[in-house]
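Peer 1: I have a structure here, written as structure tokens, and I will follow up with some questions on it.
2 protein chains.
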Amino acid sequence: MSDKTGQGARTATIADVAARAGVSTATVSRALAKPDSVRAETVALVMEAVRACGYTPNSSARMLRTQRTQMVLVVVPSIANQMYSHVLRGVDTALAPAGYGVIIGNLDSAPGNQSRLVELAFARQVDAIILLCGYIPGSHGRTLVEAGLPIVSLCAPIGHPSIPDVCADDEAGGREAGRFLASLGHRRLAYAAGPKGSVVDTARWTQFRAAALAAGIADHDIVRVEGDAGARFSFVSGMAAGERFLAIPDRPTAVFCASDEIAMGLMKVVRRAGLRVPGDVSVVGFDGIDQVDYLDPVLSTMRQPRQEIGRRGAEVLLRMLDGTSTPDDHAIRLPVELLSRESTAPWRPAPRARLKDVRG
Amino acid sequence: MSDKTGQGARTATIADVAARAGVSTATVSRALAKPDSVRAETVALVMEAVRACGYTPNSSARMLRTQRTQMVLVVVPSIANQMYSHVLRGVDTALAPAGYGVIIGNLDSAPGNQSRLVELAFARQVDAIILLCGYIPGSHGRTLVEAGLPIVSLCAPIGHPSIPDVCADDEAGGREAGRFLASLGHRRLAYAAGPKGSVVDTARWTQFRAAALAAGIADHDIVRVEGDAGARFSFVSGMAAGERFLAIPDRPTAVFCASDEIAMGLMKVVRRAGLRVPGDVSVVGFDGIDQVDYLDPVLSTMRQPRQEIGRRGAEVLLRMLDGTSTPDDHAIRLPVELLSRESTAPWRPAPRARLKDVRG
DNA sequence: CTCCAAATTGTAATCGATTACAAGGGCGAC
DNA sequence: GTCGCCCTTGTAATCGATTACAATTTGGAG
Numbered sequence: 001m002s003d004k005t006g007q008g009a010r011t012a013t014i015a016d017v018a019a020r021a022g023v024s025t026a027t028v029s030r031a032l033a034k035p036d037s038v039r040a041e042t043v044a045l046v047m048e049a050v051r052a053c054g055y056t057p058n059s060s061a062r063m064l065r066t067q068r069t070q071m072v073l074v075v076v077p078s079i080a081n082q083m084y085s086h087v088l089r090g091v092d093t094a095l096a097p098a099g100y101g102v103i104i105g106n107l108d109s110a111p112g113n114q115s116r117l118v119e120l121a122f123a124r125q126v127d128a129i130i131l132l133c134g135y136i137p138g139s140h141g142r143t144l145v146e147a148g149l150p151i152v153s154l155c156a157p158i159g160h161p162s163i164p165d166v167c168a169d170d171e172a173g174g175r176e177a178g179r180f181l182a183s184l185g186h187r188r189l190a191y192a193a194g195p196k197g198s199v200v201d202t203a204r205w206t207q208f209r210a211a212a213l214a215a216g217i218a219d220h221d222i223v224r225v226e227g228d229a230g231a232r233f234s235f236v237s238g239m240a241a242g243e244r245f246l247a248i249p250d251r252p253t254a255v256f257c258a259s260d261e262i263a264m265g266l267m268k269v270v271r272r273a274g275l276r277v278p279g280d281v282s283v284v285g286f287d288g289i290d291q292v293d294y295l296d297p298v299l300s301t302m303r304q305p306r307q308e309i310g311r312r313g314a315e316v317l318l319r320m321l322d323g324t325s326t327p328d329d330h331a332i333r334l335p336v337e338l339l340s341r342e343s344t345a346p347w348r349p350a351p352r353a354r355l356k357d358v359r360g
Numbered sequence: 361m362s363d364k365t366g367q368g369a370r371t372a373t374i375a376d377v378a379a380r381a382g383v384s385t386a387t388v389s390r391a392l393a394k395p396d397s398v399r400a401e402t403v404a405l406v407m408e409a410v411r412a413c414g415y416t417p418n419s420s421a422r423m424l425r426t427q428r429t430q431m432v433l434v435v436v437p438s439i440a441n442q443m444y445s446h447v448l449r450g451v452d453t454a455l456a457p458a459g460y461g462v463i464i465g466n467l468d469s470a471p472g473n474q475s476r477l478v479e480l481a482f483a484r485q486v487d488a489i490i491l492l493c494g495y496i497p498g499s500h501g502r503t504l505v506e507a508g509l510p511i512v513s514l515c516a517p518i519g520h521p522s523i524p525d526v527c528a529d530d531e532a533g534g535r536e537a538g539r540f541l542a543s544l545g546h547r548r549l550a551y552a553a554g555p556k557g558s559v560v561d562t563a564r565w566t567q568f569r570a571a572a573l574a575a576g577i578a579d580h581d582i583v584r585v586e587g588d589a590g591a592r593f594s595f596v597s598g599m600a601a602g603e604r605f606l607a608i609p610d611r612p613t614a615v616f617c618a619s620d621e622i623a624m625g626l627m628k629v630v631r632r633a634g635l636r637v638p639g640d641v642s643v644v645g646f647d648g649i650d651q652v653d654y655l656d657p658v659l660s661t662m663r664q665p666r667q668e669i670g671r672r673g674a675e676v677l678l679r680m681l682d683g684t685s686t687p688d689d690h691a692i693r694l695p696v697e698l699l700s701r702e703s704t705a706p707w708r709p710a711p712r713a714r715l716k717d718v719r720g
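The following block contains the structure:
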């Protein structure tokens with residue numbers, strides 16, 4: 001009764017396969033890894049035994065022996081953010097053919113999470129790391145860098161000497177947004193800000209402002225509107241920015257937002273207040289997330305090459321892993337694209353006056 | 361010159377720690393795993409050595425020895441879908457305290473992905489599996505079930521004898537939607553369908569229809585509008601449904617949609633055609649994803665307890681893992697909640713006539 | 001026929017932890 | 001003083017693969 005024979009469907013090991021095929025475990029391993037080094041008939045024999053046993057090599061054993069896990073840790077601030085899920089897809093499509101899998105480290109899922117990520121790296125459960133969070137996670141005085149694994153940072157530059165950056169050209173994006181709104185005839189502009197001090201926010205804001213100044217707009221006609229400090233680039237932050245925007249005395253006629261979510265929040269608030277988009281105020285977002293297509297009006301935005309960022313970043317990482325990395329990899333900037341859609345319109349001076357004329 | 365001393369920052373092993381602390385590796389292992397079984401001073405000694413070496417146990421070695429990876433595979437149809445990212449968070453919050461990590465198997469990131477997932481399970485790289493996809497992935501004639509790991513299915517019931525289901529009460533949701541719209545006075549209803557034949561779609565549709573009939577609405581006044589077959593519960597499918605809805609001769613005044621994304625697509629199309637929501641047509645979605653808050657009007661919807669589904673599912677799985685599972689776990693249905701917001705309104709018979717009266 | 005290189009396969013060490021079992025030491029009871 | 005038990009620690013086997021090295025076979029050249 002306590003006999004376990006025949007009940008525990010114990011997984012087959014390489015020894016089982018070897019026994020069945022009448023060869024040594026070394027031969028089985030070779031037949032699977034490099035069939036060319038084994039006689040064709042033997043390979044066939046082994047394959048047959050593999051099939052018969054339903055054998056799949058145990059990955060823990062392989063990892064231990066080879067000292068490689070074929071896994072990459074990807075640290076994302078929030079998995080619910082569309083932006084990151086597209087970057088992730090790009091990462092995956094580049095990594096999969098090279099035999100690497102992805103472990104997602106989601107920062108927003110649990111507070112104590114940071115230390116779990118660090119553990120993962122130090123326990124050698126991954127071979128390399130991709131950061132989408134713009135900083136280097138750490139805990140208990142250790143940071144991810146000290147694990148000594150190859151790291152690249154995507155979407156937000158870190159500027160660490162040993163960590164290549166791959167991201168969209170935020171400076172160009174800000175500049176282009178400034179030029180675009182100015183070219184539509186707007187003379188008073190606002191910037192709905194992201195988290196103050198973040199590299200990304202700074203890049204977009206300074207260049208936006210610079211472009212506006214260059215287009216002849218007065219310094220005091222370019223106002224920076226803060227959002228909700230804690231809420232980063234989110235929708236709720238955009239609503240807060242919207243409230244502040246409405247309170248500006250001589251209200252700007254166009255807003256450049258640090259993200260699409262911010263733009264959505266802001267649009268919601270200003271439209272509730274009775275303003276028309278783009279009639280009374282033009283809005284431009286940043287990112288190009290899918291949701292902007294669902295809006296009415298469809299949001300004009302600076303599209304980041306999300307999937308491309310992921311793909312390029314993964315390629316850089318693969319080069320670091322096989323030692324063929326070049327200095328060119330260290331800082332890659334990918335172009336953004338202005339999508340002019342329905343939330344922006346040329347500014348007509350004194351539209352109300354004209355309206356009155358029509359009526360009168 | 362070929363001397364490697366001092367350059368390769370080789371990761372410390374348990375042997376290094378043991379040597380430094382002047383004890384055996386067994387003692388180090390015990391001091392870390394169950395400190396109570398080791399003299400306090402020895403523990404202190406070991407801890408000091410651990411700190412000095414910067415030691416973290418190698419997880420591959422541990423996995424091999426213990427035959428457990430402390431990892432769970434979660435199969436999701438698309439990581440970009442908000443619905444799933446919230447379920448994932450629920451899963452993670454329940455799994456993390458038990459010492460389990462999550463590996464996300466994203467079905468939409470690569471076509472050949474299915475076989476990678478199966479490999480993962482057979483290679484014993486995970487201890488258990490959570491399915492969010494509503495079916496059992498397989499490849500090369502093997503399915504995930506055959507790996508012999510504990511499995512639970514979330515969000516969409518599979519009905520497999522060895523796989524517990526945890527999902528929202530779709531039947532109740534459909535029923536409640538039907539009752540709600542009827543109670544608002546609507547006498548002609550439409551259902552914007554999800555993928556035909558899927559368990560989820562069937563449950564929502566049949567119960568919606570049943571509730572409408574029970575409320576005295578005629579059978580021919582309840583029309584099912586198909587979306588885009590390939591596009592599942594998505595926005596584009598909703599747009600297709602919207603076109604078909606517009607083409608209905610004696611057009612219904614309210615639509616119940618199989619998902620929020622479908623509702624968004626449909627709303628976009630019908631509003632483009634000049635109809636007002638909720639003035640001309642009321643719309644109810646299903647899921648309760650964040651994006652519906654961003655809409656104008658805010659969408660009325662049946663909210664699924666997303667995070668709760670994930671949490672409960674993970675708890676069931678943990679019970680299967682430690683052998684304390686009960687039959688009650690086999691099929692769990694969580695209640696949905698009707699969120700009545702801005703996209704639904706009572707139906708006023710002949711509103712145009714009344715409008716004329718006011719003017720006349 | 002002999003000899004050497006190439007091709008093929010086997011033997012056994014190895015990766016780094018966990019843990020069963022053995023062994024040593026301390027202490028109280030008799 | 002001796003015995004036995006408990007507490008603590010060490011020795012060595014083990015998990016399941018990969019791979020360096022050795023051994024054997026094969027085939028061709030001379």
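Just so you know, the protein sequences line up as chains A and B, in that order. Numbering follows our numbering, in which position 215 of the first sequence is assigned residue number 215; successive positions increment by one, without gaps. To convert, take the position in the second sequence, counting from 1, and add 360; that gives our numbering. We put the CB at the ideal spot given by N, CA and C, even for glycine.
1. Tell me which residues share the same chain as residue 359 of chain A and place their Cβ nearer than 8 Å to its Cβ, disregarding the 5 neighbours each side in the sequence.
2. Report the option in A:269, A:273, A:227, A:285 whose CA atom is closest to the CA atom of residue 255 of chain A.
3. Taking residue 337 of chain A as the reference, give the member of A:206, A:191, A:68, A:180 with the closest Cα.
4. According to the neighbour-count rule (16 or more other Cβ atoms, all chains shown, within 10 Å of its Cβ), is residue 664 of chain B buried or exposed?
5. Around the Cβ of residue 688 of chain B, are there at least 16 other Cβ atoms within 10 angstroms (buried) or fewer (exposed)?
6. Please specify which runs of the beta strand (DSSP E), each continuous and at least 3 residues long, are wholly inside the segment 447 to 511 of chain B, giving them in chain order.
7. Opposite residue 168 of chain A in the DSSP bridges: which residues?
8. Do residue 575 of chain B and residue 534 of chain B come within 8 Å of each other at the CB atom, strictly closer than that value?
9. Taking its Cβ as the centre, do 16 or more other Cβ atoms sit within 10 Å of residue 36 of chain A, making it buried, or is it exposed?
10. Which residues in chain A have a C-beta closer than 8 Å to the C-beta of residue 485 of chain B? List them in chain order.
11. Sort A:248, A:308, A:102, A:243 by Cα distance to residue 473 of chain B and report the nearest one.
12. Going by C-alpha distance, which of B:422, B:493, B:549 is nearest residue 448 of chain B?
13. Does residue 256 of chain A come out as helix, strand or coil in the three-state DSSP assignment?
14. I'd like the list of long-range same chain contacts for residue 551 of chain B, defined as Cβ closer than 6 Å, with 5 residues on each side in sequence excluded.
15. Per DSSP, what are the beta-bridge partners of residue 302 of chain A in this structure?
16. Do the segment 227 to 236 of chain A and the segment 630 to 649 of chain B meet, that is, are 3 or more Cβ pairs less than 8 Å apart?
17. Consider the Cβ of residue 304 of chain A: report whether some Cβ of chain B lies at a distance smaller than 8 Å.
18. With a threshold of 8 Å between beta-carbons, can residue 442 of chain B be considered close to chain A, or not?
19. Taking the straight line between their C-alpha atoms, what separation do you get for residue 53 of chain A and residue 16 of chain A?
20. So which residues of chain A does residue 549 of chain B contact, with C-beta pairs closer than 9 Å?
21. Assuming residue 654 of chain B is part of the alpha helix (DSSP H), what are its boundary residues?
22. Take residue 122 of chain A and list the residues in its own chain whose beta-carbon comes closer than 6 Å to its own, dropping the five residues that flank it on each side.
23. Listed from N- to C-terminal order along the chain, which residues in the segment 608 to 632 of chain B have their beta-carbon within a distance smaller than 9 Å of any beta-carbon of chain A?
24. Of all the CB atoms in chain B, is at least one closer than 8 Å to the CB of residue 390 of chain A?
25. If you draw a straight line from the C-alpha of residue 73 of chain A to the C-alpha of residue 130 of chain A, how long is it?
26. For the beta strand (DSSP E) that contains residue 192 of chain A, what are its first and last residues?
27. Could you tell me whether the Cβ of residue 686 of chain B comes closer than 8 Å to any Cβ of chain A?
28. Does the distance from the C-beta atom of residue 261 of chain A to that of residue 298 of chain A stay below 8 Å?
29. From residue 12 of chain A to residue 523 of chain B, what distance separates their C-alpha atoms?
30. For residue 45 of chain A, which option in A:166, A:318, A:32 has the closest C-alpha, if you only look at C-alpha atoms?
31. Can you tell me where the beta strand (DSSP E) holding residue 433 of chain B begins and where it ends?
32. Where are the beta strand (DSSP E) runs, 3 residues long or more, that stay fully inside the segment 16 to 56 of chain A, in chain order?
33. Of all Cβ atoms in chain A, is any one closer than 8 Å to the Cβ of residue 460 of chain B?
34. Does the beta carbon of residue 122 of chain A sit closer than 8 Å to a beta carbon anywhere in chain B?
35. Does the beta-carbon of residue 595 of chain B have 16 or more other beta-carbons within 10 angstroms, so that it is buried, or is it exposed?
36. When you compare the segment 267 to 277 of chain A with the segment 300 to 314 of chain A, are there three or more beta-carbon pairs, one atom per stretch, that lie closer than 8 Å?
Peer 2: The relevant details are as follows:
1. The pLDDT assigned to residue 359 of chain A is 39, lower than 50, so where the model puts this residue is not dependable; a value taken from the coordinates is nonetheless given after this. Taken in chain order, the list of residues that qualify is empty.
2. Nearest option by C-alpha distance: A:285.
3. A:180
4. buried
5. exposed
6. 461 to 466, 488 to 491
7. A:334
8. no
9. It is exposed - the Cβ of residue 36 of chain A has fewer than 16 other Cβ atoms within 10 Å.
10. 59, 60
11. A:102
12. B:493
13. strand
14. 565, 568, 584, 616
15. A:286, A:338
16. no
17. no
18. yes
19. Each residue's CA atom was taken as its position, placing residue 53 of chain A and residue 16 of chain A some 8 Å apart.
20. Simply none; closest approach about 24 Å.
21. 651 to 654
22. 147
23. Of all residues in the segment 608 to 632 of chain B, those with a C-beta nearer than 9 Å to a C-beta of chain A are 621, 624, 625, 627, 628, 631, 632, reading in chain order.
24. Missing from the structure shown is residue 390 of chain A; chain A here goes from 1 to 360 and no further.
25. 6 Å
26. First-last of the beta strand (DSSP E) with residue 192 of chain A: 189 to 192.
27. no
28. Contact: no.
29. Rounded to the nearest angstrom, the two C-alpha atoms are 24 Å apart.
30. A:32
31. 431 to 436
32. The segment 16 to 56 of chain A contains no whole beta strand (DSSP E) run of 3 or more residues.
33. no
34. Judged by the 8 Å Cβ criterion, residue 122 of chain A is in contact with chain B.
35. By the neighbour-count rule (16 or more Cβ atoms within 10 Å), residue 595 of chain B is buried.
36. no
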